[in-house]
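In what follows, a structure is listed as structure tokens, so that the remarks can point back to it.
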Amino acid sequence: MWTREDDLEDFISAKTLRKFKFYTPEEEAEEKLHGVCTKLKLYDDDVEDFISAKKLRKFSFYTLEEEAEEKLHGICTKLKLYDDPWKIKKVLQESDVGTSCRLMISKKLVMQHIVEVWGRVGRDENVRELNEEHGVSVKVWDCDRKKEYVLTMKTHPSTGCSVFLTNWSRQFVSERGLKKGDEIGLFWCNCSDRFFFSVLARAPDQPVFYLEGF
Numbered sequence: 001m002w003t004r005e006d007d008l009e010d011f012i013s014a015k016t017l018r019k020f021k022f023y024t025p026e027e028e029a030e031e032k033l034h035g036v037c038t039k040l041k042l043y044d045d046d047v048e049d050f051i052s053a054k055k056l057r058k059f060s061f062y063t064l065e066e067e068a069e070e071k072l073h074g075i076c077t078k079l080k081l082y083d084d085p086w087k088i089k090k091v092l093q094e095s096d097v098g099t100s101c102r103l104m105i106s107k108k109l110v111m112q113h114i115v116e117v118w119g120r121v122g123r124d125e126n127v128r129e130l131n132e133e134h135g136v137s138v139k140v141w142d143c144d145r146k147k148e149y150v151l152t153m154k155t156h157p158s159t160g161c162s163v164f165l166t167n168w169s170r171q172f173v174s175e176r177g178l179k180k181g182d183e184i185g186l187f188w189c190n191c192s193d194r195f196f197f198s199v200l201a202r203a204p205d206q207p208v209f210y211l212e213g214f
């Protein structure tokens with residue numbers, strides 16, 4: 001005798017399920033081979049396509065002209081899957097990993113993702129020191145090694161670009177084995193008052209050529 005409602009519900013569900021036939025992968029394959037299908041489906045393929053199409057209509061698809069118009073007005077209603085934190089990316093050049101012993105970042109990227117960010121939170125002294133001869137001391141967190149380093153950042157007088165000096169060559173190029181063609185990423189975090197650094201991609205290995213007969 002069933003004395004609890006949930007037990008009775010389980011009994012009814014089990015009794016109902018026994019009316020259905022459950023198919024093994026082998027049985028499904030055999031039916032497909034003969035061009036028949038007796039497997040119960042909750043809805044047919046047309047219904048599934050209709051549901052998918054209905055979901056897609058909720059999204060807006062943008063032309064290049066519409067995107068350009070939104071940028072002109074300083075707005076964006078386009079859905080982004082995620083916000084890439086690595087605002088500054090660079091494929092390392094020979095000068096970044098060679099005897100120059102410095103990492104150079106373009107003036108445009110520095111202004112957009114460092115100077116403007118510092119200005120918004122009142123780090124005017126850092127902006128001033130960046131343009132002075134001694135530069136500004138900055139902390140850099142290496143996300144790959146989970147370790148913090150201190151570098152000097154200053155404006156290159158002839159190009160207007162910014163360079164990271166002091167221990168860049170030893171603590172990053174040498175210890176991380178950086179080479180030309182590697183892609184690195186940087187971004188400044190106001191919450192922790194430091195840069196975050198990571199090697200995003202390694203340069204492809206160069207092919208080795210052998211002279212015939214050797």
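The sequence shown begins at 1 in UniProt numbering and counts up one residue at a time.
From the three backbone atoms N, C-alpha and C, an ideal C-beta is built for every residue, glycine too.
Just so it is clear, the structure is predicted and the values come from calculations on it, not from any experiment.
Check                                                                                                                : Outcome
Neighbourhood of N190 by C-beta, 6 Å cutoff - its chain only, sequence neighbours within 5 removed                   : V121
Whether I105 touches S162 by CB criterion (9 Å)                                                                      : yes
Collapsed DSSP secondary structure at K179 in the structure displayed                                                : coil
Opposing strand residues paired with W188 [DSSP bridges]                                                             : F195
D142, DSSP secondary structure in three states                                                                       : strand
Residues of its chain near Y43, where Cβ-Cβ distance is below 7 Å and the 5 sequence neighbours each way are ignored : Because Y43 sits at a pLDDT of 48, beneath the cut-off of 50, its placement in the model cannot be relied upon, and the following sentence gives the value as read from the coordinates. Taken in chain order, the list of residues that qualify is empty.
Validate contact between the region 113-132 and the region 142-149 using beta carbons, cut 8 Å, 3 pairs              : no
Beta-bridge pairing of I88 - partner residues as DSSP gives them                                                     : L186
Proximity below 9 Å, CB of F172 to CB of I88                                                                         : no
7 Å Cβ shell around W168 - same chain, five flanking residues per side excluded                                      : C101, R102, L103 and L151
Short Cβ contact (9 Å threshold) for M153 with G135                                                                  : yes
Identity of the residues DSSP links to I114 by a beta bridge                                                         : Answer by DSSP bridge pairing: none, since I114 is not bridged.
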